[in-house]
Amino acid sequence: MKKDGCPYCQKGEFLAKFGVLAFETETSEVIVFKEQKHKGRAIVAYKKDHVAEITDLSDAERNAFMKDVSDVAKAIQKAYNPDRINYGAYGDSLGHLHIHLVPKWKDGYEWGGTFLMNTNEYASDEELEEVIKTLKANYKA
1 MKKDGCPYCQ KGEFLAKFGV LAFETETSEV IVFKEQKHKG RAIVAYKKDH VAEITDLSDA
61 ERNAFMKDVS DVAKAIQKAY NPDRINYGAY GDSLGHLHIH LVPKWKDGYE WGGTFLMNTN
121 EYASDEELEE VIKTLKANYK A
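Next comes the structure, spelled out in structure tokens:
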């Protein structure tokens with residue numbers, strides 16, 4: 001069941017505040033985060049229902065979702081060759097199952113610390129389209 005007021009459920013202007021839908025899998029939506037200080041930063045959001053916790057999924061649903069997270073991480077690694085990818089699963093106020101994938105490079109922006117959620121410094125539409133194109137080209141399910 002979809003939830004009113006949830007950007008992942010409602011899409012449109014809610015989602016557009018922070019991300020752009022790049023592509024979908026059977027289980028997830030892959031969203032490019034508008035803040036791209038970490039080139040290739042993306043979100044994998046569960047798409048079938050408004051689910052708050054990974055523990056609310058069946059084993060099969062969880063495995064499919066986590067495969068999507070892994071496949072998107074592989075696409076980020078192949079495309080941008082980061083030294084690490086940080087993963088964040090926050091939901092205190094939003095409550096929709098989603099995981100941030102944040103590539104980082106040694107001695108680069110925020111290396112050695114927690115990534116910021118939103119700096120309000122967004123990439124241009126052209127830059128976002130290039131990230132989407134690059135992730136799609138490197139994504140293999």
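My numbering puts the first residue of the sequence shown at 1, with every later residue one more than the last.
All residues carry an ideal CB built from backbone N, CA and C; glycine is no exception.
Note that the structure is a prediction, hence the values are computed from the model and not measured.
Per DSSP, cross-strand counterpart(s) of residue i
| i | result |
| --- | --- |
| Y142 | Residue 142 cannot be examined here, being either before or after the span of the chain that is shown, 1 to 141. |
C-alpha gap between residue i and residue j, whole angstroms
| i | j | result |
| --- | --- | --- |
| E13 | K39 | 23 Å |
| Y122 | Y109 | 15 Å |
| S144 | H98 | Residue numbering for the chain in the displayed model covers 1 to 141; residue 144 lies beyond these limits and cannot be assessed. |
| F23 | D4 | 22 Å |
| M66 | A60 | 10 Å |
| G19 | T55 | 25 Å |
| S28 | K47 | 5 Å |
| Y87 | H100 | 5 Å |
Spatial neighbours of residue i in its chain, beta-carbon cut-off 6 Å, leaving aside the 5 residues before and after
| i | result |
| --- | --- |
| P82 | P103, K104 and W105 |
| P7 | F14 and L15 |
| L94 | none |
Residues of its chain near residue i, where Cβ-Cβ distance is below 8 Å and the 5 sequence neighbours each way are ignored
| i | result |
| --- | --- |
| K11 | L21 |
| D125 | none |
Best match in the options for proximity to residue i [C-alpha to C-alpha]
| i | options | result |
| --- | --- | --- |
| T134 | K3, A42 and A89 | A42 |
| K34 | L116, L97 and A137 | L116 |
| Q36 | A137, I132, K140 and N138 | I132 |
| I76 | V51, A52, V32 and Y90 | V32 |
Residues near residue i by beta carbon distance below 7 Å, same chain, minus five either side
| i | result |
| --- | --- |
| R84 | K104 |
Just to confirm the assignment: which complete beta strand (DSSP E) runs, minimum length 3, are found wholly within the segment 2-71?
The qualifying runs are 19-24, 28-33 and 42-46.
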